[in-house]
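In short: position in the sequence shown from 1, add 124, done, that's our numbering.
Report on the following structure.
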Amino acid sequence: MNNGNVIYLECETGGVRLDAFVAENTDLSRNAVATLCEKEAVTVNGNSAKKNVKLKSGDNVAVALPEPEETDIVAEDIPLDIVYEDGDLLVVNKPKGMVVHPAVGNPDGTLVNALLYHCGASLSGINGVIRPGIVHRIDKDTSGLLIVAKNDNAHNFLAEQIKEHSFSREYEAIVYGNIKEESGTVNAPIGRHPVDRKKMAVTEKNSRFAITHWRVLRRFGEFTHVRLILETGRTHQIRVHMASIGHPVAGDAVYGPKKVIERLGGQCLHAKYIKFVHPNGEELEFESQLPSYFTDYLKYLENKYD
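Here's what the structure looks like:
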């Protein structure tokens, strides 16, 4: 959880380095965590700790964040598909291909650039100047629903639901292969890939438990249309889990076949449904229509296999 400018974390699995653990469980990079460790802004069980200390199960980690800085990210007049908005938050239907926040190689044209134009200073500052308002993320090539917090109280309230797994998220995807079962569950821990650090993998080493439920909607010979329910929200969870059972997301060249599906131009994964409790106590739920890239590919598969 985040209390003011301090993030509190509890280590569930021992053996992981402090900097890796904090980076995996926050929006901070390992370099940023290392810098905070040098400034004695990161403690383990109340004591300042070096970045390479190995954590034990049950260790309590506190990360004191620096005061928010003035951002030099440019506000851009980029159209947003806003599903819901009030004084505390907004729900955005992010298009495929849009990066959530600026990073190396993507300095502008991101969702954050668009939010700064739309909301001005009315965005939470908990995740720093690069990610104002961002409570949770979806990949660049994943489309769908995303919640943005307009103030720190709303951000904390929503982030706690994500941590406690009471924040409901459902996706739809087209995956490779013909899944024979009607439904199932992947219960497998996810951590950094042991060789390629840009990827995630199902691994017992330095990992966190992850659970994905899936249900078949329709079969198309070499592909299957599925609905997926996240019980946890690990990085690349659906992509890693479906690849681990032999059915990677169609068009996902990172975890699936390297061959590009020209009709998709990237993975076929859509965040379709969310349900959460608003800071005012009201339960809200939203569902978005499948975008055209998804429905066009479904029509293509229907014509090809029916």
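We put the CB at the ideal spot given by N, CA and C, even for glycine.
Just so you know, these numbers come straight off a predicted model, no measurement behind them.
Decide if residue i is buried, meaning its Cβ has at least 16 other Cβ atoms within 10 Å, or exposed.
i: S412; result: buried
i: P226; result: buried
i: R255; result: buried
i: V198; result: exposed
i: Y132; result: exposed
i: K304; result: exposed
i: S181; result: exposed
i: T150; result: buried
i: G139; result: exposed
i: G244; result: exposed
i: T266; result: buried
Assuming residue i is part of the beta strand (DSSP E), what are its boundary residues?
i: K396; result: 393-401
i: P406; result: Correcting the residue identity first, residue 406 is Glu in this sequence and not Pro. Element bounds for E406: n/a, residue is neither H nor E.
i: R255; result: Looking at the DSSP string, R255 is not in any beta strand (DSSP E), and its letter there is neither H nor E.
i: I206; result: 206-209
i: V373; result: Where V373 is concerned, there is no enclosing beta strand (DSSP E), given that its DSSP letter is neither H nor E.
i: V166; result: 166-168
i: V185; result: 184-188
i: F347; result: 347-354
With C-beta atoms as the reference, is residue i less than 8 Å away from residue j?
i: V168; j: V130; result: no
i: L393; j: V373; result: yes
i: P415; j: K220; result: yes
i: L179; j: L142; result: yes
i: V236; j: L270; result: no
i: I206; j: L213; result: no
i: F344; j: Y429; result: yes
i: R316; j: G357; result: no
i: V340; j: E306; result: yes
i: V146; j: V185; result: yes
i: V272; j: G249; result: no
i: G375; j: G390; result: yes
i: I202; j: A156; result: no
With distances taken Cα to Cα, identify the nearest neighbour of residue i among the options.
i: E296; options: T336, R332, H260, K304; result: T336
i: L148; options: N427, E355, R321; result: Per the sequence shown, residue 148 should be read as Glu rather than Leu. Residue R321 is the option with its Cα nearest to E148.
i: E88; options: G308, G233, G182; result: Residue 88 is absent from the structure shown; the chain starts at 125 and stops at 430.
i: S246; options: G138, N280, D210, I353; result: D210
i: T359; options: V384, F333, V340; result: F333
i: H260; options: R154, L282, N277; result: L282
i: G170; options: I202, F400, D183, K218; result: D183
i: N176; options: N230, G375, A158, N427; result: A158
i: H365; options: T327, R342, L189, K304; result: T327
i: L352; options: P381, I298, I385; result: I298
i: E134; options: Y397, K396, S290, V166; result: V166
i: V319; options: N311, A312, K329, V310; result: K329
i: H289; options: N155, E355, L152; result: E355
i: V310; options: N280, I202, A367, K274; result: A367
i: K396; options: F410, P403, K383; result: F410
i: E407; options: S331, T419, I314, Q285; result: Q285
i: A278; options: F291, T137, L160, P403; result: P403
Assuming residue i and residue j make a contact with CB atoms under 8 Å, what is their CB distance in whole Å?
i: K264; j: M222; result: 7 Å
i: G301; j: E346; result: 7 Å
i: R363; j: Y424; result: Actually they are not in contact, since the Cβ atoms of R363 and Y424 sit about 22 Å apart, beyond 8 Å.
Give the range of the alpha helix (DSSP H) segment to which residue i is assigned.
i: L213; result: Careful: L213 lies outside any alpha helix (DSSP H), inside the beta strand (DSSP E) at 213-218.
i: F281; result: 276-287
i: T159; result: 154-162
i: T419; result: 416-429
i: H365; result: 361-368
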